[in-house]
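Participant:
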Amino acid sequence: MEDMGGASVQAHQALAADAQPPPGARGLIPDGRHLLDEDTFTENFRSDNRPPRTYLCYEVERPDRGSGVPLDQDKGILRNKSAPGPEVPCHAESRLLEQIQSWDLGPKLHYRVTCFLSWSPCTDCAQDMAQFLKESSHVSLSLFASRLYTRGHYDEGLRTLKRAGASMAIMTSREFEHCWTAFEHHKGNPFQPWPGLAMESGKFSEKLQRIPRLEQPGAGRPCWAGSVGASPEWFRAKAGRRWGLGGGGLGGLRSRGGGGFPKAKPLRRMEPWRHRPRDPMGWISPETFFFHFPSLRYAFGRNSCYLCFQVEREGKGHSSYDWGVFQNKVYFEAPYHAEFCFLSWFCDQDLSPDEHYHVTWFLSWSPCPTCAEEVVRFLREYRNVTLSIFTARLYYFWRPDFQDGLYRLWSAGVHLDVMSFEDYEYCWDTFVDHNGMRFRSRDLLRDNDFLATELESILRTTMNPLQQEIFFYQFGNQPRAPKPYHRRKTYLCYQLKPHDGSVTAKACLQNKKKRHAEIRFIDSIMALKLEKDRRFEITCYVTWSPCPTCAKELVAFARKHSHISLRLFASRLYFHWLQENKQGLKQLHASGIPVAVMSSLEFEDCWREFVDNQGKPFQPWNKLEQYSKNITRRLRKILKQPPQNDLENEFRNLHL
DNA sequence: ATTTTCAAT
Ligand SMILES: [Zn+2]
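Take the first sequence: its position 362, counting from 1, is numbered 362 in the UniProt record's numbering, and each next residue is one higher.
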């Protein structure tokens, strides 16, 4: 800047160094020193553009004329110089500092510099400017940025700059108009705000204000000559609706290498802030968090679901990070669960098969079976995506179909867990508009232990599908348990269908917490709240016939729910020589619950419906039929039935 | 606390 070129010449040099448009062809008006042409202004300052370069328009207010600022430099336009050649790259802000330092300023006088930047300063520039301000008490600096440049530790930079006394704000239409008038070769055309200006500007303002400890008490919005302290056009997003504002990065995950050059479009090509109806929002309010995220067993009134997500993207030699929040919503009158919103947004991103994506969800409700199915399908298709789900509460956790959904997620390799204290803290720090407030768990963890145990037992004992070895061992009808010896426990596989429809629910249950599988089965069916005026049929396959207590419970269940007809097939008879047990079986029969012994037909069906059979056909074990016949003979004796007859064959064929 | 529910699972 030692030459006498002035701002426009420097900018020309910058353009030349860029080797992009030939000097003078675009950008600055050749004979209008301090003016930008209309296209350049629009391209660089419109906040919905994201060009990989920075323009800086500055004005200096001097106490008097001739106080050290060269006449033609009290106002100027600078842009960064990128460095394809040997030159060291230089941000526009550095060039401004160099320029100011080249002036012969009177140390007793006061100078006010106002800058309008197309991108806010990067970390390094902000630090440099802060340093400069500390050394130059006779200069004050006001910055207006069209957009926040959010790479690296930009927030620290801005904080430092602010502490050094600079004032900072996002440009509103007032500032754009001022720039238009002062720096733009507008040929007399009035400034036309573009659609969405106020919103874009407001979003960046919010983001700027959210930088912790940025605002100093009493520090207001900066003024530039002529702004007369008019109230700025703060954009206020609708309550609870904020959109993510890319870049940056959060605790522990922020991208490194701040000050990369040139100021390029942020690495992430995912842009959740583009506002389409299914796009995510940014932060949620503390109220939302404390209402929607506590781990409660009885969660009254939580009629919606929040999904806070982060996406860690790892590619060759680079990685990036994205985050946001989804809420379930109705879109063209159709409801979409939050999970679905995420998936549809994510699949819309510019994904590369060469990169790996690790997705983490923090959910207020765990996924429903439909969403679980959707997720499983998604993971099958996107092999380079892994998913972790931390859920605050379990959605309909007592219902077998919902349990099954969770089990399927888990089987598909999803890391699934109930949110822990640390997860809550992380969510607070990352997704909540906490305004610097420290995390307090308050009631968030109230039923956390219960839910964690519940999930664990769902994943452990909701065995859908059954593993092959377990099926063979547990359902085997050998008189003695084959070696190596394991205890043969009760497994109950049930299949429910409406009389005139196809299967609507099925699951395999074990005893749990001293509740026999049969009782859990009754619980499961009750939880479905089946319509009373419709007829249903349930087939159960059990490894052991019911104990007397369970038999009684089943009888009571059948009496109470006459619209449900129930059939039982047992592989083996449980302590059938005991009078009590015999009695139970008789009672079942007497109350319209037929009990029969599983034959190869039933084993085959059980294999097909409940076992992770990997498409293989059922292979009967040695003497299966013979054992089955022996047990059948025993049962008939108990039930005082005549030997095998056609009636029984019909019964078997009826439901299969 | 046998009832909580991405409001219509
Ligand atoms: Zn769902």
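All residues carry an ideal CB built from backbone N, CA and C; glycine is no exception.
Assess contact between the region 427–437 and the region 284–293, defined as three or more Cβ pairs (one per stretch) separated by less than 8 Å. Is contact present?
Facilitator: These segments touch.
Participant: Grouping DSSP H, G and I as helix and E and B as strand, with all else coil, what is E312?
Facilitator: strand
Participant: Use the C-beta contact count for G188: other C-beta atoms within 10 angstroms, 16 or more gives buried, fewer gives exposed.
Facilitator: exposed
Participant: Helix or strand or just coil, what does DSSP make of E61?
Facilitator: strand
Participant: Out of curiosity, what's the CA-to-CA distance linking A372 and D612?
Facilitator: Distance between the alpha carbons of A372 and D612: 18 Å.
Participant: Using DSSP with H/G/I as helix, E/B as strand and the rest coil, what is I525?
Facilitator: Reduced to three states, the DSSP call for I525 is helix.
Participant: Output the boundary residues of the beta strand (DSSP E) element that contains G324.
Facilitator: H318 to Q327
Participant: Among the candidates K489, Q478 and E456, whose CA atom is the shortest distance from the CA of I470?
Facilitator: Checked all of K489, Q478 and E456; the closest Cα to I470 is K489.
Participant: Applying the 10 Å Cβ sphere with the 16-neighbour rule, what's the burial state of Q209?
Facilitator: Classification for Q209: exposed.
Participant: In chain order, which continuous runs of the beta strand (DSSP E) of length 3 or greater are located wholly inside the UniProt domain "CMP/dCMP-type deaminase" (50–161)?
Facilitator: 55–61, 75–79, 111–119 and 139–147
Participant: Per DSSP, what kind of secondary structure is I631 in: helix, strand or coil?
Facilitator: I631 falls in the helix class under three-state DSSP.
Participant: Thinking C-beta only, is K134 closer than 7 Å to A164?
Facilitator: yes
Participant: From the DSSP output, in three-state form, read off L35 for me.
Facilitator: Of the three classes helix, strand and coil, the one that applies to L35 here is coil, per DSSP.
Participant: Could you name the residues that DSSP lists as bridge partners for S565?
Facilitator: S565 has E537 as its beta-bridge partners, per DSSP.
Participant: If you draw a straight line from the C-alpha of G592 to the C-alpha of L578, how long is it?
Facilitator: Computed Cα separation, rounded: 22 Å.
Participant: With a cut-off of 8 Å on the beta carbons, I'd call G152 and Q127 a contact; round off their distance for me.
Facilitator: Not confirmed; about 11 Å, so no contact.
Participant: Going by the CB atoms, is the gap between Y494 and I538 shorter than 7 Å?
Facilitator: yes
Participant: Do you know whose CA, among W621, P617, A590 and R480, lies nearest L573's CA?
Facilitator: Considering only alpha carbons, the answer is R480.
Participant: In three-state DSSP terms, what is T490?
Facilitator: Coil at T490, not helix or strand.
Participant: Compare the Cα-Cα distances from Q310 to each of S319, H318, V325 and T123 and report the closest residue.
Facilitator: V325
Participant: Quick check on the contact list: which residues have their beta carbon closer than 6 Å to a heavy atom of ligand 1?
Facilitator: With 6 Å as the limit between CB and the heavy atoms of ligand 1, the residues that fall short of it are H337, E339, P367, C368, T370 and C371.
Participant: Please go through the same chain and pick out, in chain order, the residues whose beta-carbon is closer than 6 Å to the beta-carbon of S146, but skip the five residues on each side of it.
Facilitator: Around S146, the same chain offers F45, S47, S118 and M171 as residues with beta carbons nearer than 6 Å, after the five sequence neighbours per side are excluded.
Participant: Confirm, please, whether the CB-CB distance from S441 to H415 is below 7 Å.
Facilitator: no
Participant: Would you mind listing the beta strand (DSSP E) stretches within the region 411–474 that are 3+ residues and don't spill past its ends, in chain order?
Facilitator: 415–418
Participant: Is H356 helix, strand or coil by DSSP?
Facilitator: strand
Participant: Where does P400 sit, in a helix, a strand or coil, going by DSSP?
Facilitator: helix
Participant: List the DSSP bridge partners of I389.
Facilitator: W361 and L416
Participant: What separation, rounded to the nearest whole angstrom, lies between the Cα atoms of G317 and D354?
Facilitator: 12 Å
Participant: So, for R487: in the same chain, excluding its five sequence neighbours on each side, which residues have a beta-carbon less than 8 Å away from its beta-carbon?
Facilitator: A481
Participant: For G56 versus L78, is the C-beta spacing smaller than 7 Å?
Facilitator: In the sequence under discussion, the amino acid at residue 56 is Leu, which differs from the Gly named in the question. Against a cut-off of 7 Å, the Cβ pair of L78 and L56 comes out as a contact.
Participant: Using the rule of at least 16 other Cβ atoms within 10 Å of the residue's Cβ for burial, across every protein chain shown, is A166 buried or exposed?
Facilitator: buried
Participant: Just the C-alpha distance for K75 and D37, rounded to the nearest angstrom, thanks.
Facilitator: 16 Å
Participant: What do you get for N477, buried or exposed, if any count of 16 or more other CB atoms within 10 angstroms of its CB means buried?
Facilitator: buried
Participant: Within 10 angstroms of its Cβ, does M129 collect 16 or more other Cβ (buried), or is it exposed?
Facilitator: buried
Participant: Please state whether DSSP places I593 in a helix, a strand or coil.
Facilitator: coil
Participant: Using 7 Å as the threshold, is the C-beta distance between A452 and V503 below it?
Facilitator: no
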